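Peer 1: I'd like to ask some things about the structure below.
Protein chains: 2
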Amino acid sequence: MKHKAEGVDLETSLGYLLKEASNALRSAMDEVLRPLGMTVTHYSCLELLAQRPGLSNSELARGAFVTRQSMNVLLQSLERDGVVTRPAEAPVGKALPARLTARGRQSLEQATAAVRSVELRMLAGLSDDEQAVALRVLRSMVRSLRA
Amino acid sequence: MKHKAEGVDLETSLGYLLKEASNALRSAMDEVLRPLGMTVTHYSCLELLAQRPGLSNSELARGAFVTRQSMNVLLQSLERDGVVTRPAEAPVGKALPARLTARGRQSLEQATAAVRSVELRMLAGLSDDEQAVALRVLRSMVRSLRA
DNA sequence: CGGTCAGTGTCAGGAATCTGACACGCATCA
DNA sequence: TGATGCGTGTCAGATTCCTGACACTGACCG
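If you're matching them up, the sequences are chains A and B in order.
Position 92 of the first sequence, counting from 1, maps to 791 under the numbering used here, and the rest follow consecutively.
Position 7 of the second sequence, counting from 1, maps to 706 under the numbering used here, and the rest follow consecutively.
What follows is the structure in structure tokens.
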């Protein structure tokens with residue numbers, strides 16, 4: 700179909716652009732993670748566990764922006780594949796603290812390299828100043844929206 | 700569970716923050732659109748049609764970041780509700796140009812008001828300068844990621 | 001002590017979305 | 001003319017993800 704009537708004011712909307720950028724990032728990450736047999740949520744889970752060992756299923760779910768139920772099925776498969784470990788019984792309450800195995804850390808290493816290349820491409824052509832402003836603006840948006 | 704070990708470097712990652720902001724925006728929009736019986740995709744479709752009348756199903760799908768199949772089921776329900784119209788036969792090729800009805804414009808008007816309040820809240824506390832930089836940065840990111 | 005509340009893990013069930021595939025129309029070019 | 005490529009609408013199947021609900025634990029407070 701023909702290209703026509705481009706951009707009335709959608710390209711001027713921060714909201715729309717936010718969605719567009721987020722979508723482009725997700726697509727790009729999916730693309731580089733697929734050869735590794737990973738999804739974005741999959742990778743997010745591993746990255747979260749690497750940075751904060753002992754996170755519970757619910758906490759991982761919030762961090763990866765999915766429901767506890769979805770994260771749970773993911774964790775079960777990760778546990779089955781020997782990538783993460785959870786104790787059989789909760790040390791306190793009902794929360795089961797998850798941890799990466801050696802194999803998990805290795806798996807994450809590959810994924811991190813792939814994702815880093817995407818992030819570098821995304822930030823290409825942006826000055827440190829611009830990145831800093833973008834960081835501040837995004838943080839402010841999140842805070843304001845949650846209010 | 701207890702609050703602990705906050706922010707190793709997730710909060711410093713533009714990628715994660717992008718996802719977080721996009722998610723917060725979507726949640727906030729969902730919340731104000733639900734009383735109107737609308738979803739975000741629903742609203743996006745109407746907004747797209749208002750700004751660019753005659754868009755085809757596939758074009759709407761790309762604009763709303765869903766598949767043609769998903770957009771088609773939405774369009775069918777919108778057509779059934781008398782919110783949009785499509786000709787019975789394609790004037791050219793196979794693409795059916797969709798248009799808002801009077802009722803559709805009225806429906807959109809309510810939604811726009813609701814969404815505008817969210818966008819205002821999101822941008823609260825941000826200078827025009829910061830918004831301009833954010834706009835430029837996001838555009839650059841999208842362009843780089845698509846390359 | 002007894003009550004409520006918040007947070008968690010888990011079990012179905014269902015809704016939304018995507019993947020895969022096919023036929024058709026138009027444009028381009030040999 | 002015919003052939004290839006691209007975009008589109010549409011059908012069916014499968015997957016993913018979420019909504020709703022239940023039981024349990026620990027913390028707080030009357």
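The beta-carbon is built from N, C-alpha and C at its ideal position, and this holds for glycine as well.
Quick caveat, the model's predicted, so the values are computed rather than measured.
For Asn756 (chain B), which option in B:Gln750, B:Ala749, B:Thr766 has the closest C-alpha, if you only look at C-alpha atoms?
Peer 2: If you number the second sequence from 1, residue 756 (chain B) lands on position 57. Closest by alpha carbon: B:Thr766.
Peer 1: Are the beta-carbon atoms belonging to Ser721 (chain B) and Ser721 (chain A) less than 8 Å from one another?
Peer 2: Walking along the second sequence from the start, residue 721 (chain B) turns up at place 22. Walking along the first sequence from the start, residue 721 (chain A) turns up at place 22. It is a contact, given that the beta carbons lie within the stated cut-off.
Peer 1: Any contact of the segment 817 to 836 of chain A with the segment 782 to 800 of chain A, i.e. 3+ C-beta pairs under 8 Å?
Peer 2: Contact fails: fewer than three Cβ-Cβ distances are below 8 Å.
Peer 1: Under a Cβ-count criterion, where at least 16 other Cβ atoms within 10 Å of its own Cβ denotes burial, should Gly781 (chain A) be classed as buried or exposed?
Peer 2: Mapped onto the first sequence, residue 781 (chain A) falls at position 82. Its Cβ having fewer than 16 others within 10 Å, Gly781 (chain A) is exposed.
Peer 1: For the alpha helix (DSSP H) holding Thr740 (chain B), just list the boundary residues, first then last.
Peer 2: On the second sequence, residue 740 (chain B) is found 41 positions in, with the first residue counted as 1. Looking at the DSSP string, the run of the alpha helix (DSSP H) that includes Thr740 (chain B) is 739 to 750.
Peer 1: Along chain B, in chain order, which residues have C-beta atoms closer than 7 Å to that of Asn722 (chain A)?
Peer 2: Counting from one through the first sequence, the residue named residue 722 (chain A) turns up at place 23. The answer, in chain order, is Phe764.
Peer 1: Taking Ala812 (chain A) and Leu732 (chain A) to be in contact with their CB atoms under 8 Å, please state how far apart those CB atoms are, rounded to whole angstroms.
Peer 2: Your numbering for residue 812 (chain A) matches position 113 in the first sequence. Your numbering for residue 732 (chain A) matches position 33 in the first sequence. In fact, because the Cβ distance is near 11 Å, the residues do not count as touching under 8 Å.
Peer 1: State the start and end residues of the unbroken alpha helix (DSSP H) segment that holds Gly803 (chain A).
Peer 2: As a first step, residue 803 (chain A) must be located in the first sequence, where it is residue number 104. Run containing Gly803 (chain A): 801 to 822, per the alpha helix (DSSP H) assignment.
Peer 1: In chain B, what lies closer than 7 Å to Ser843 (chain A) by C-beta?
Peer 2: Looking up residue 843 (chain A) in the first sequence gives position 144. Near Ser843 (chain A) (Cβ distances below 7 Å), the residues of chain B are Arg820, Met821, Ala823, Gly824.
Peer 1: If you compare alpha carbons, which of A:Leu819, A:Gln750, A:Val814, A:Leu748 is closest to Glu730 (chain A)?
Peer 2: As a first step, residue 730 (chain A) is located in the first sequence; it is residue number 31 there, counting from the start. Of A:Leu819, A:Gln750, A:Val814, A:Leu748, the residue nearest in Cα terms is A:Val814.
Peer 1: Please name the residue in A:Gly762, A:Gln805, A:Pro790 whose C-alpha comes closest to that of Val783 (chain A).
Peer 2: Taking the first residue of the first sequence as position 1, residue 783 (chain A) is located at position 84. Considering only alpha carbons, the answer is A:Gln805.
Peer 1: Using the rule of at least 16 other Cβ atoms within 10 Å of the residue's Cβ for burial, across every protein chain shown, is Val817 (chain B) buried or exposed?
Peer 2: On the second sequence, position 118 is the one that residue 817 (chain B) refers to. Buried, because 16 or more other Cβ atoms sit within 10 Å of the Cβ of Val817 (chain B).
Peer 1: Measure from the C-beta of Ser839 (chain A) to each C-beta in chain B and report whether the shortest distance is under 8 Å.
Peer 2: Here residue 839 (chain A) refers to the residue found at position 140 when the first sequence is read from its first residue. Closer than 8 Å to some Cβ of chain B, the Cβ of Ser839 (chain A) qualifies, so yes.
Peer 1: Looking only at C-alpha atoms, which of A:Leu759, A:Arg842, A:Leu754, A:His741 sits nearest to Leu777 (chain A)?
Peer 2: As a position in the first sequence, residue 777 (chain A) is number 78, starting the count at 1. It is A:His741 whose Cα lies nearest to the Cα of Leu777 (chain A).
Peer 1: Count the other CB atoms, across all protein chains shown, that sit within 10 Å of the CB of Leu774 (chain B); report buried if there are 16 or more and exposed otherwise.
Peer 2: Residue 774 (chain B) sits at position 75 when you count from the first residue of the second sequence. Burial call: buried.
Peer 1: What's the gap between the Cα of Arg785 (chain B) and the Cα of Leu717 (chain B)?
Peer 2: Sequence index remark: in the second sequence, residue 785 (chain B) carries index 86 (1-based). Sequence index remark: in the second sequence, residue 717 (chain B) carries index 18 (1-based). Going by the C-alpha atoms only, they are around 36 Å apart.
Peer 1: What are the partner residues of Thr784 (chain A), as DSSP defines its beta bridges?
Peer 2: The residue labelled residue 784 (chain A) in the question sits at position 85 within the first sequence. Answer by DSSP bridge pairing, in chain order: A:Arg798.
Peer 1: Assuming contact is defined by CB atoms lying nearer than 8 Å, are Gln830 (chain B) and Leu713 (chain A) in contact in what I supplied?
Peer 2: In the second sequence, counting from the first residue as 1, residue 830 (chain B) sits at position 131. In the first sequence, counting from the first residue as 1, residue 713 (chain A) sits at position 14. Result yes, Cβ atoms of Gln830 (chain B) and Leu713 (chain A) sit closer than 8 Å.
Peer 1: Looking only at its chain, what residues have a beta carbon closer than 6 Å to the beta carbon of Tyr715 (chain A), apart from the 5 residues adjacent to it on each side?
Peer 2: Taking the first residue of the first sequence as 1, we reach residue 715 (chain A) at position 16. Cβ within range, chain order: Leu709.
Peer 1: Which stretch, first to last residue, makes up the alpha helix (DSSP H) that contains Asp729 (chain B)?
Peer 2: Looking up residue 729 (chain B) in the second sequence gives position 30. First-last of the alpha helix (DSSP H) with Asp729 (chain B): 713 to 732.
Peer 1: Short check: CB of Ala749 (chain A) to CB of Leu807 (chain A), under 8 Å?
Peer 2: Reading the first sequence from its first residue, position 50 is the one you call residue 749 (chain A). Reading the first sequence from its first residue, position 108 is the one you call residue 807 (chain A). Contact: yes.
Peer 1: When you compare each of A:Arg842, A:Leu844, A:Leu819 to Val841 (chain B) by their alpha carbons, which one comes out closest?
Peer 2: Sequence index remark: in the second sequence, residue 841 (chain B) carries index 142 (1-based). Ranking the options by Cα distance to Val841 (chain B), first place goes to A:Leu819.
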